[in-house]
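Enquirer:
In my numbering, the protein residues as written are 774 to 876.
1) Could you say which of 875, 809 and 836 lies nearest to residue 862 if we only look at CA atoms?
2) Mapping the DSSP letters down to three states, classify residue 775 as helix, strand or coil.
3) Any idea what DSSP makes of residue 844, helix, strand or coil?
4) When DSSP labels each residue in this structure, what does residue 886 get in the three-state scheme?
5) Determine the DSSP secondary structure at residue 806, reduced to helix, strand or coil.
6) If residue 854 sits next to residue 848, beta carbons under 8 angstroms apart, how far is it from one beta carbon to the other, in whole angstroms?
7) With a Cβ-Cβ cutoff of 9 angstroms, do residue 858 and residue 838 count as a contact?
8) Alpha carbon to alpha carbon, what distance is there between residue 852 and residue 808?
This is how it looks when you write it as structure tokens:
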């Protein structure tokens, strides 16, 4: 079911959606003048941001994308098919990790 919002709430959401990227670019440009790439604080912040973005991607992949496929009646009826699917997910994640090692 589609959410039905009032005009003011829609306008606020459109505003924030449209200013998020330009605000991030402006903030990045402003901070690039004082940014020291190898400082301990910068390394910690980069590590935390990388970890949080990886967590969001894992969550989206497992909960939003794969859950519908893994709950399909055809898959639920066959243990062999479930094992094959889980192995395919693990192989895919392992392959992406291997590729990320070089990136």
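Yeah, the Cβ is synthetic: ideal placement off N, Cα and C, and Gly gets one too. None of the values given here were measured: they were computed from a predicted structure.
Expert: Taking the definition as stated:
1) 836
2) coil
3) coil
4) Residue 886 is absent from the model: the chain starts at 774 and stops at 876.
5) coil
6) 5 angstroms
7) no
8) 53 angstroms
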